[in-house]
Amino acid sequence: MPLEIVTIPCLGDNYAYLVHDAATGATAVVDAPEAAPIAAALADRGWRLTDILVTHHHHDHVGGVEPLRSAHGARVVGAASDAHRLPPLDLAVAEGDTVTIGGETGHVLDVWGHTVGHIAYHFPASGAVFTADSLMALGCGRVFEGTAEMMWASLGKLAALPPETLVFSGHEYTATNGRFALTIEPDNPALLARVEDVAARRAAGQPTVPSRLSEELATNPFLRAGRPEVKEAVGMAGAADAAVFGEIRGRKDRF
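Counted the way our numbering counts, the sequence shown spans residues 172 to 426.
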């Protein structure tokens, strides 16, 4: 059976995700912005937290790690390359390593750019990837520590996953991301339809994540930086893909 995944709003606009294997009772949380809503979701379901999977060192992703570890004795997993900035790790991982939650294996991907040391977790049997602040719904994270070339390469890894993969990202930024995306491709019919859907979901108080990778490939300007029509739209026809990505990221930073 696929993993059961529960979306938990945290802080103002963060998400954490409970990942539960019904057969074994194993339960992980991907990122822990704050402990209280995660603890409440666990208690509501009668689940015991066995693992905490950390994507990167920013406080709005690790602020709840220690209280949850203390309460549940959970194993903390994170990037070996970033261990000096993370809560103490029980398992340090790198690209190519795997993490087992109950009966399912997750694969670790380096997705550096937003930070150096950011990782994602791909669970192919459940068709899910947890991307935090690398690939987001209709967007991507700011390039704080890496380079445009580094972030473009990371997005390329994620774009190569099966298109039906569900993308569980770290923030509720989709409405703003959609408004920006329309400045790049105002006539993209898939984007126009998605922006309407996002507005309806937010008006109903619903999250806009997860999204399908196929949706991102059709509408997310950061994944589409290599397409000729996008290069033309930003006045960079024939330019290198990573340079076009850098231009789009810079425009979003000033948006």
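Cβ coordinates follow ideal geometry from the N, Cα and C atoms, glycine included. Quick caveat: nothing in here was measured; it's all calculated off a predicted structure.
Top-ranked residue by Cα proximity to residue i, from the options
i: A389; options: E343, V405, P334, G341; result: P334
i: T345; options: K328, A330, E320, A371; result: A371
i: H293; options: R365, P399, I272; result: I272
i: E275; options: T302, A197, V236, L213; result: A197
i: L306; options: K328, A203, Q377, G406; result: K328
i: I179; options: P208, A194, D192, A199; result: P208
i: W283; options: D304, G267, A299; result: D304
i: F301; options: V415, L363, V247, T336; result: T336
i: S252; options: H243, V338, E266; result: E266
i: D412; options: A187, L174, A324; result: A324
i: H285; options: R240, H228, V264, V233; result: H228
i: V401; options: A263, L353, S382, S385; result: L353
i: A296; options: G312, L332, R420; result: L332
i: A330; options: A193, L280, L363; result: L280
i: P259; options: T269, I223, P381; result: I223
i: P381; options: Y186, A319, H278, M172; result: Y186
i: T221; options: D261, G183, A404, R256; result: D261
i: G234; options: M172, D202, V405; result: D202
i: A396; options: F416, R350, R216; result: F416
i: V190; options: R383, C181, L182, W218; result: W218
i: L362; options: L326, A410, T318, A308; result: A308
Secondary structure of residue i, DSSP reduced to three states
i: A265; result: coil
i: R425; result: helix
i: S252; result: helix
i: E320; result: helix
i: L174; result: coil
i: G349; result: helix
Nearest-angstrom Cβ-Cβ length linking residue i and residue j, presumed shorter than 8 angstroms
i: E356; j: P392; result: 6 angstroms
i: A245; j: I290; result: With 8 angstroms as the limit, A245 and I290 do not qualify as a contact, their Cβ atoms being about 18 angstroms apart.
i: N359; j: G310; result: Their Cβ separation, rounded to whole angstroms, is 15 angstroms, which puts N359 and G310 out of contact at 8 angstroms.
i: V264; j: V248; result: 6 angstroms
i: V177; j: A199; result: Between A199 and V177 the Cβ distance is about 11 angstroms, and since that is not below 8 angstroms, they are no contact.
i: F287; j: R420; result: In the sequence under discussion, the amino acid at residue 287 is Val, which differs from the Phe named in the question. About 16 angstroms; that fails the 8 angstroms criterion.
i: P204; j: H243; result: In fact, because the Cβ distance is near 17 angstroms, the residues do not count as touching under 8 angstroms.
i: A214; j: L239; result: At roughly 12 angstroms, the Cβ-Cβ gap does not stay under 8 angstroms, so A214 and L239 are not in contact.
Identity of the residues DSSP links to residue i by a beta bridge
i: H278; result: T269, H293
i: A206; result: None, per the DSSP bridge assignment.
i: F301; result: Y292, F339
i: G327; result: Partner(s): none; G327 has no beta bridge.
i: L306; result: C311
Entirely enclosed beta strand (DSSP E) segments - the region 177-202, minimum 3 residues
185-191, 198-201
Taking only runs of the alpha helix (DSSP H) that begin and end inside the region 351-423, which ones reach a length of at least 4 residues, in chain order?
360-374, 384-390, 399-404
Mind listing, in chain order, the continuous beta strand (DSSP E) runs of no fewer than 3 residues lying wholly within the region 210-248?
222-224
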